[in-house]
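Asks:
Numbering (full-length UniProt numbering), first residue to last: 1 to 317.
Have a look at this one:
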């Protein structure tokens with residue numbers, strides 16, 4: 001029995017200690033709140049600025065980076081040519097991330113080895129057809145090209161790979177953000193042989209479709225000066241964000257000034273009397289002719305008026 005009472009006492013003591021600890025924490029917190037409450041109009045704006053100013057700077061820098069990234073002057077899509085199908089080498093590739101209203105100069109770039117077969121091939125044709133994802137052809141073109149070598153200014157410099165750029169379209173606006181490029185290079189009479197029996201087929205090291213942005217309008221101006229455009233965008237975003245932040249914080253920073261302004265405005269709205277109104281008020285208190293020049297009768301009546309009650313004796317009687 002004594003042990004049970006001892007356990008009950010210990011439990012009650014622990015509960016009391018826990019309650020006292022919670023009460024101490026609550027009282028400390030309440031005291032801190034009461035101490036900081038008079039300084040809340042100054043503390044809240046500082047805390048808000050300390051939190052939002054770095055966020056605004058980070059978002060402004062990100063906005064400038066987005067503008068810089070979107071103002072790319074060109075793009076390039078690699079092609080993987082297919083050989084051995086009985087036709088000229090061909091490839092189909094997807095061209096993503098295009099601006100529908102932007103104009104592009106599109107060309108075909110080939111890196112071919114400076115081999116005897118390629119040099120003996122002579123002229124070959126390059127075919128390029130651009131179509132939508134739903135296989136609707138937008139534009140197609142065929143251009144001739146040839147692989148030739150040029151004399152080098154350095155005798156020890158021997159070029160083993162030739163670069164061929166074939167212009168295909170000029171100022172082409174896709175009208176859609178995604179296009180399919182169908183490319184075919186070579187000759188249709190590739191079944192014939194040249195020289196020592198090599199096929200009339202173009203050997204290609206690498207191939208790609210390139211697009212160069214044609215500057216026009218506001219976007220064209222931004223493309224011409226990408227760094228200035230990105231910095232301007234970041235600055236505009238920073239100014240607008242700072243303006244909105246200031247509008248939200250200003251009522252918290254100047255509550256007394258606003259109240260005084262409201263009181264002053266309410267006082268200033270009371271109209272002052274004009275000169276005519278003041279003259280009219282003075283005329284209401286001006287004595288009449290009877291009071292200025294009283295007659296005997298009027299004096300008597302006035303005296304009787306002064307002492308109307310019989311309980312008040314007349315001093316002249």
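All C-beta atoms in this analysis are idealised placements derived from N, C-alpha and C, irrespective of residue type, glycine included.
Quick caveat: nothing in here was measured; it's all calculated off a predicted structure.
(1) Looking at the unbroken beta strand (DSSP E) that takes in residue 183, where does it start and where does it end?
(2) State the Cα-Cα distance for the pair residue 27 and residue 51, rounded to the nearest angstrom.
(3) Between the segment 175-189 and the segment 121-131, do three or more beta carbon pairs fall short of 8 Å?
(4) Less than 8 Å between C-beta atoms, sequence neighbours within five positions excluded: which residues of the same chain meet that for residue 148?
(5) Is DSSP giving residue 92 helix, strand or coil here?
(6) Hey, could you find the ends of the alpha helix (DSSP H) residue 391 is sitting in?
(7) Buried or exposed for residue 164, please, with buried defined as at least 16 other CB atoms from any protein chain shown within 10 angstroms of its CB.
(8) So residue 132 and residue 179 are supposed to be a Cβ contact under 8 Å. How far apart are they, rounded?
(9) Mind the definition here: the segment 226-245 touches the segment 132-144 only if three or more C-beta pairs lie below 8 Å; say whether that holds.
(10) Any idea which residues DSSP pairs residue 163 with across the strands?
(11) Checking 8 Å against the spacing of the C-beta atoms, do residue 170 and residue 111 come in under that value?
(12) Could you check how far apart the C-beta atoms of residue 64 and residue 173 are, in whole angstroms? I think they sit under 8 Å.
(13) What residue from 57, 98, 127 has the CA that sits closest to residue 109's CA?
(14) Report the three-state DSSP secondary structure of residue 140 (helix, strand or coil).
(15) Within the continuous alpha helix (DSSP H) that includes residue 119, where are the two ends?
(16) Any chance the segment 69-88 sits against the segment 207-223, with 3 or more Cβ pairs inside 8 Å?
(17) Could you check which residue in 142, 90, 218 has the C-alpha nearest to that of residue 204?
(18) Use the C-beta contact count for residue 228: other C-beta atoms within 10 angstroms, 16 or more gives buried, fewer gives exposed.
(19) Only counting the same chain, and skipping five residues up and downstream in sequence, which positions put a Cβ closer than 6 Å to that of residue 167?
(20) Between residue 222 and the rest of its own chain, which residues show a CB-CB distance below 6 Å, the 5 nearest in sequence each way excluded?
(21) Could you check which residue in 129, 214, 215, 113 has the C-alpha nearest to that of residue 92?
(22) My guess is that residue 219 and residue 102 are in contact by the Cβ rule of under 8 Å, so how many angstroms apart are they, rounded?
(23) Taking the alpha helix (DSSP H) that residue 218 belongs to, which residues open and close that run?
Replies: Straight from the coordinates:
(1) In the chain shown, counting from the first residue as 1, residue 183 sits at position 183. Boundaries of the beta strand (DSSP E) harbouring residue 183: 179-186, taken from the DSSP string.
(2) Residue 27 sits at position 27 when you count from the first residue of the chain shown. Residue 51 sits at position 51 when you count from the first residue of the chain shown. Answer to the nearest angstrom: the Cα atoms are 28 Å apart.
(3) Touching, yes, given that three or more Cβ pairs across the two stretches are closer than 8 Å.
(4) The residue you call residue 148 lines up with position 148 of the chain shown. Cβ neighbours of residue 148 beyond the five flanking positions: 119, 162.
(5) Looking up residue 92 in the chain shown gives position 92. Here residue 92 sits in strand by DSSP.
(6) Lying outside 1 to 317, the shown extent of the chain, residue 391 is not represented and no answer is given.
(7) Taking the first residue of the chain shown as position 1, residue 164 is located at position 164. Buried, since its Cβ has 16 or more Cβ neighbours within 10 Å.
(8) Taking the chain shown and counting its residues from 1, one reaches residue 132 at position 132. Taking the chain shown and counting its residues from 1, one reaches residue 179 at position 179. About 7 Å separates the two Cβ atoms, so the contact holds.
(9) With the cut-off at 8 Å, the segment 226-245 and the segment 132-144 do not touch.
(10) Your numbering for residue 163 matches position 163 in the chain shown. Answer by DSSP bridge pairing, in chain order: 111.
(11) As a first step, residue 170 is located in the chain shown; it is residue number 170 there, counting from the start. As a first step, residue 111 is located in the chain shown; it is residue number 111 there, counting from the start. Between residue 170 and residue 111, the CB-CB gap reaches or exceeds 8 Å.
(12) Numbered from 1 along the chain shown, position 64 holds the residue referred to as residue 64. Numbered from 1 along the chain shown, position 173 holds the residue referred to as residue 173. Distance from residue 64 to residue 173 at the Cβ level is roughly 27 Å; contact not present, criterion being Cβ atoms closer than 8 Å.
(13) Stepping through the chain shown from its first residue, residue 109 is reached at position 109. When each option's Cα is compared against that of residue 109, the closest is 127.
(14) By 1-based counting over the chain shown, the position of residue 140 is 140. In this structure, residue 140 counts as strand in the three-state DSSP scheme.
(15) For the purposes of this step, residue 119 is taken as residue 119 along the chain shown, with counting starting at 1. In the DSSP annotation of this structure, the continuous segment of the alpha helix (DSSP H) that includes residue 119 starts and ends at 116-121.
(16) Yes, the segment 69-88 touches the segment 207-223.
(17) What you label residue 204 is simply residue 204 of the chain shown in a count that begins at 1. That would be 90, whose Cα lies nearest to the Cα of residue 204.
(18) As a working note, residue 228 is residue 228 in the chain shown. Residue 228 comes out exposed.
(19) For the purposes of this step, residue 167 is taken as residue 167 along the chain shown, with counting starting at 1. The beta carbon of residue 167 sits closer than 6 Å to the beta carbons of 107 from its chain, once the five residues preceding and following it are set aside; these are given in chain order.
(20) Here residue 222 refers to the residue found at position 222 of the chain shown. Contacts found: 71, 229.
(21) Here residue 92 refers to the residue found at position 92 when the chain shown is read from its first residue. When 129, 214, 215, 113 are compared, the shortest CA-CA separation from residue 92 is found for 129.
(22) If you number the chain shown from 1, residue 219 lands on position 219. If you number the chain shown from 1, residue 102 lands on position 102. The pair is a contact, with the Cβ atoms about 7 Å apart (cut-off 8 Å).
(23) What you label residue 218 is simply residue 218 of the chain shown in a count that begins at 1. Following the DSSP letters along the chain, one finds residue 218 inside the alpha helix (DSSP H) bounded by residues 217-224.
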